[in-house]
Amino acid sequence: MLKQKLVLFLMFGATIANAQKVAFTEYDLKNGLHVVLHQDKTAPVVAVSVMYHVGSKDEQTNRTGFAHFFEHLLFEGSDNIKRGEFMKIVSANGGQNNANTTQDRTFYYEVFPSNSLETGMWLESERMMHPVINEIGVKTQNEVVKEEKRLRVDNQPYGNFLAEIMKRLFVKHPYHWVTIGSMADLDSAKLDEFIAFNKKYYVPNNAVLVIAGDIDIEKTKKLVDGYFAPIPTGGAITRNPAREDPITTEIVDTAYDNNISIPAIMSAYRTPGITSKESLALQLASDVLSTGQSSRMYKKMVDDKKNALQVGSFNYSLEDYGAYIIYALPNGGDSTALQVLLKDMDDEIVKLQTELISETEFTKIRNQYENNSVGANAKMLGVAENLADGYTFYNKNTNHINQDLDEIRTITRQDIQNVAKKYLNRNQRVTLYYLPKKNK
Amino acid sequence: MNKILYTFLFTAVTFAASAQVTVDRSKQPKAGPAPVIEFKNPEIFTLPNGMTILVVENHKLPRVSATLNIDMGPVKEGEKSGIMQLMGQMMGEGTKSMPKAKFDESIDLLGADVNLNSTGGYTGALTRYFSQAFMLMADALKNPAFPQESFEKLQKQTITGLKSGEKSASTISGRVVNALGYGKHTAMGEFVTEESVKALTLNDVKQAYKDHITPSRSYLTFIGDITPGKAKELATNAFGSWTGKKLPVPEFANVDNVPATEIDFIDVPTAVQGELSVTNLINNPMSGKDYHALLIANQILGGGAEAKLFMNLREKHGFTYGSYANTGNGRFQAMFKTSAQVRSEKADSAVVEMLSEIDNMRNGKITEEELASAKAKYNGSFALKMEDPANTATYASNILINGLEKDFYRTFLQKINALTIADVQRVAKKYYTRDNARIVIVGNGAKILPNLSRLGFPIKLYDKYAEPIANKPKETAVGESDKNSEAVTAFSIINDYLKAIGGKDEAKKLVSQKANISLSVQGITLEGTQIKMAPNKEHTILKMGGNVAMEKVFDGAKGHQSQMGKSAEMDTAEVKEAMDEKGIIPQVYYITNDYKTSYLGVEKVNDQNAYKIKITKPSGKVSTEYYSTKTALLIREESTETAGGEETAVIVDYSDYQKVGTLLFPLTITQSAGGQDLVFKFSDVKINEGVTDADFK
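Structure, rendered in structure tokens:
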């Protein structure tokens with residue numbers, strides 16, 4: 018009886034929920050730069066960001082790591098900004114800045130008190146218009162990137178797991194390698210190649226400028242025009258990355274990591290790209306398995322059987338494909354336990370394939386999704402990135418930011434079962450034993 | 183007509199617009215007037231049981247969070263190390279009325295986040311589910327079930343988790359830096375170990391709960407889509423009747439800094455980078471007069487990508503991905519720390535650069551631009567922080583907990599903006615105790631240690647748990663070297679030497695050697711020959727004016743020595759020692775189980791850096807050999823000779839390496855013993871020709 022009431026209450030709640038609509042203005046400059054402006058005056062803050070549609074998947078197979086390298090290189094200065102000044106200018110204006118790179122895009126940003134809006138535009142337009150790319154910058158950043166790799170990958174427990182999975186899951190498509198790339202490739206690259214890569218991809222017609230925060234839209238438009246309109250357009254960019262042949266036989270392999278003592282078992286399945294509805298269904302499937310302590314895998318393996326220290330599953334969703342990854346670490350750290358963990362994981366997949374998830378679980382994952390997405394637009398930087406993502410990846414649909422929750426609500430329990438059946442089959446996957454390196 | 187007018191107007195507007203947007207991109211745009219920063223006060227009220235409630239109302243998003251923080255300060259766990267963390271986790275393992283599975287299910291169904299920890303808990307939820315989620319957190323805090331089964335699960339997980347960090351240089355560094363700085367038996371320096379966790383019991387959890395989870399000195403902060411009235415109602419319902427122990431304010435004696443700057447090294451042979459920290463302890467309460475100046479000093483030294491450390495270690499030298507400074511503050515003793523994760527080969531250089539930037543701060547080498555930028559960053563970050571309503575609550579609770587003036591944050595920027603370079607230098611000098619600092623490095627000893635001695639600081643070795651390593655390295659046969667990094671190092675030094683003289687294979691092919699020798703001693707020159715044959719046959723003869731002055735013969739089993747007409751058979755011990763040599767170049771055989779080698783560090787030999795290794799030969803005789811860090815060649819050998827019942831240290835220096843055939847030979851050998859230097863010069867070296875067994879009769 019009590020339970021009945023609770024469900025009713027939840028359903029009532031769901032109908033009154035409404036997401037905050039993010040209002041925006043968008044247009045193209047003649048040089049092809051797409052501009053998105055969002056006004057929010059609750060705090061005296063502005064985020065100025067540029068998302069370039071270039072990532073590691075745009076690299077040549079013998080020049081991996083270029084896109085990420087540019088994340089560093091494009092802080093080296095411009096015709097009007099001396100080397101080493103970029104970050105100093107940001108700080109001197111009380112701002113923060115950074116950049117990040119994925120397989121698909123690179124995102125540069127500054128967050129300033131709103132009185133420094135123009136400085137943000139100046140910095141980003143200088144970076145787009147005439148960055149300085151020379152030997153000294155390349156050499157310095159080459160060392161820095163190597164340190165970053167040591168820090169984030171080589172010295173990091175489980176730091177190589179994604180690379181180990183991706184190189185087995187993708188053999189033709191450039192998702193074969195991860196964004197940090199190969200240090201040997203970077204070492205052998207000539208200055209001309211860096212300049213050519215910049216000229217090809219870091220151009221207005223391959224970018225979205227998003228400015229979000231305490232701004233006056235009309236004034237900002239004029240400044241955008243002043244700073245960004247003079248930037249010459251680039252050549253047309255065509256992308257036709259290789260398609261993968263389906264995996265038809267399970268790939269079982271072992272990888273070693275110097276930095277770990279607790280092994281891990283992982284299985285990974287190739288899934289469709291980010292814009293597909295199936296990708297969302299797969300994400301919900303992963304929530305059923307591992308979001309929250311009452312999720313299926315957590316409850317079974319960590320709490321009831323107690324054979325896992327940690328479990329997880331997620332749909333690593335990218336532009337062209339995704340990777341659905343499930344993993345577990347044995348409690349006690351014993352490698353011989355991996356087989357049992359794998360079976361426990363597999364049983365849960367089979368259950369997803371053979372039975373619809375319960376109504377209660379369905380309500381749960383939708384509430385969890387909503388709870389998480391409410392926070393995504395709490396700060397101006399988050400808003401800027403979500404707007405840019407929509408334009409860059411969802412067929413130029415900047416408004417995707419406002420449709421996210423609605424899209425999730427269109428996914429049914431049947432959809433979740435369907436994707437589990439279609440994509441999460443044993444013969445379509447990579448199973449990886451990720452083990453501590455033995456002392457030699 | 184209308185249309186024409188419209189077109190005309192349109193053109194005029196666009197013309198006007200483009201006329202306005204000419205920008206001068208040659209220089210940085212001027213910032214507009216600084217935005218006004220409004221400080222809002224949270225609603226604050228207290229419950230009779232000692233709980234303080236703060237409410238920051240903000241309806242922008244349909245969500246609410248509540249955080250309970252019990253202001254217990256650092257807790258000294260002593261031999262119960264790990265108990266607080268475990269107790270915090272145990273509160274999430276179900277309540278007296280709700281087993282864990284039900285508790286988890288209830289939270290997840292709301293899509294909420296509810297976490298419990300050793301100092302309280304957190305609830306975050308959509309507005310419409312917040313009350314229910316909040317009451318779940320309250321139930322867990324007030325009525326934890328503490329099932330034995332959960333205790334065993336978490337205990338095992340904790341141990342497994344500790345194992346997972348065993349090899350991680352950054353985990354080790356995090357532990358050791360505090361343990362060395364504060365002392366491993368203090369609240370701030372102690373750490374959890376597998377042994378301490380194994381010894382814990384469920385009763386310890388219950389006791390820790392009783393002692394620490396209490397409304398006394400606790401702060402409950404609501405943020406978001408909630409009115410103060412509703413928050414008060416919820417708080418009163420949940421905690422109004424809650425009682426618990428009265429918490430004392432903990433007090434700790436100050437820990438002294440080291441009397442002189444030293445390097446504390448922890449060897450992690452698998453580490454790809456070195457974790458470098460320079461630390462000293464400080465007292466920096468937020469209410470203190472130096473607090474603001476220390477913030478700015480920290481910002482200039484290592485507050486971000488434009489600060490001195492980053493600009494030097496990353497942008498100028500590329501030693502690291504980033505280098506930062508952190509100046510602790512608060513009611514208790516805190517740590518000043520600069521740190522970087524650097525590549526092993528450059529760890530020594532990184533120390534030098536890091537110290538030089540600390541010196542620059544102390545010497546006032548700070549530009550007006552740096553000062554202005556640091557101030558701007560604080561002014562800016564105050565504006566940026568307004569995006570997050572949680573900061574309003576943080577400011578308010580900081581004032582309460584630290585006993586600050588009510589207008590602390592309203593006057594904050596005023597105080598920051600009034601600081602001068604002299605102020606910053608003064609606090610840097612006072613608080614960055616450059617001459618009483620610990621330079622803690624966690625990393626690959628084989629790569630990093632040899633270069634550190636040039637820095638001139640005493641080097642102390644510690645293990646992963648901050649225990650000093652006694653100054654006698656373990657003796658390990660090289661054959662067993664896989665488990666012992668010191669032996670691996672000795673092994674590689676010997677291998678490098680063999681490579682440097684022409685390769686191990688070439689060295690093995692050397693079966694005989696014949697050379698002329700001349701010896702200068704006290705102005706007199708002796709001439710002679712030395713003949714050697716593998717494995718250890720030797721015949722050395724030195725003549726003065728046609729007469730034999732010295733002679734030494736060993737045929738592989740027996741031998742004799744004569745000096746100025748007096749002759750003596752080699753005794754058993756001497757024969758045994760002579761048999762130690764398995765070849766003309768004995769290093770080839772150091773890499774066998776008959777020899778024990780250990781690496782002792784780096785020392786200067788005749789102004790060169792040299793790796794020092796200790797060799798224990800099959801006879802038990804010990805010698806110490808020094809190989810140049812630069813050329814890899816053997817440059818010195820030290821041993822003890824017993825003559826006439828007395829032990830004498832003998833030092834043999836090797837120099838003037840020249841190529842003979844495929845191998846390098848030292849053509850000058852200087853032997854120092856008993857205050858006398860003998861310089862042997864070799865010439866006309868012939869290898870693998872003209873030597874027979876008959877030469878050793």
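These protein sequences, in sequence, are chains A and B.
Heads up: the first sequence is residues 18 to 457, going by my numbering.
Heads up: the second sequence is residues 183 to 879, going by my numbering.
Beta carbons: idealized from backbone N, C-alpha and C, even for Gly.
Test: residue i CB closer than 8 Å to a CB of chain B
i, result
"residue 269/A", "no"
"residue 139/A", "yes"
"residue 40/A", "no"
"residue 314/A", "no"
"residue 397/A", "yes"
"residue 104/A", "yes"
"residue 21/A", "The predicted model places residue 21/A with a pLDDT of 33, which falls under 50 and marks its position as unreliable; any figure quoted below should be read in that light. For residue 21/A, the answer is no, since every Cβ of chain B falls outside 8 Å of its Cβ."
"residue 332/A", "no"
"residue 128/A", "yes"
"residue 452/A", "no"
"residue 273/A", "no"
"residue 157/A", "yes"
"residue 370/A", "no"
"residue 60/A", "yes"
"residue 160/A", "yes"
"residue 205/A", "no"
"residue 391/A", "yes"
Residue j beta carbon less than 8 Å from that of residue i
i, j, result
"residue 447/A", "residue 299/A", "no"
"residue 414/A", "residue 403/A", "no"
"residue 644/B", "residue 446/B", "yes"
"residue 581/B", "residue 594/B", "no"
"residue 719/B", "residue 738/B", "yes"
"residue 343/B", "residue 298/B", "no"
"residue 432/B", "residue 303/B", "no"
"residue 686/B", "residue 814/B", "no"
Residue i - containing beta strand (DSSP E), residue span
i, result
"residue 586/B", "That residue, residue 586/B, is in no beta strand (DSSP E); it is neither H nor E in DSSP."
"residue 777/B", "Per DSSP, residue 777/B belongs to no beta strand (DSSP E) and is neither H nor E."
"residue 150/A", "Looking at the DSSP string, residue 150/A is not in any beta strand (DSSP E), and its letter there is neither H nor E."
"residue 286/A", "281-289"
Beta carbon proximity, residue i to chain A, threshold 8 Å
i, result
"residue 350/B", "yes"
"residue 870/B", "no"
N- and C-terminal bounds of the alpha helix (DSSP H) containing residue i
i, result
"residue 426/A", "417-427"
"residue 364/B", "351-364"
"residue 607/B", "603-613"
"residue 448/B", "Run containing residue 448/B: none in the alpha helix (DSSP H); it sits in the beta strand (DSSP E), 444-449."
"residue 472/B", "Per DSSP, residue 472/B belongs to no alpha helix (DSSP H) and is neither H nor E."
"residue 548/B", "Looking at the DSSP string, residue 548/B is not in any alpha helix (DSSP H), and its letter there is neither H nor E."
From the options, residue whose alpha carbon lies closest to that of residue i
i, options, result
"residue 879/B", "250/B, 740/B, 640/B and 236/B", "740/B"
"residue 817/B", "760/B, 675/B and 743/B", "675/B"
"residue 504/B", "238/A, 162/A, 144/A and 83/A", "162/A"
"residue 96/A", "140/A, 61/A, 204/A and 84/A", "140/A"
"residue 138/A", "193/A, 180/A and 107/A", "107/A"
"residue 187/A", "303/A, 410/A, 80/A and 74/A", "74/A"
"residue 452/A", "61/A, 178/A, 135/A and 45/A", "178/A"
"residue 48/A", "182/A, 202/A and 251/A", "251/A"
"residue 217/A", "254/A, 384/A, 439/A and 314/A", "254/A"
Strand pairing of residue i, partner residues [DSSP]
i, result
"residue 310/A", "Residue 310/A pairs with nothing; no bridge assigned."
"residue 791/B", "786/B"
"residue 45/A", "51/A"
"residue 338/A", "289/A"
"residue 125/A", "67/A and 116/A"
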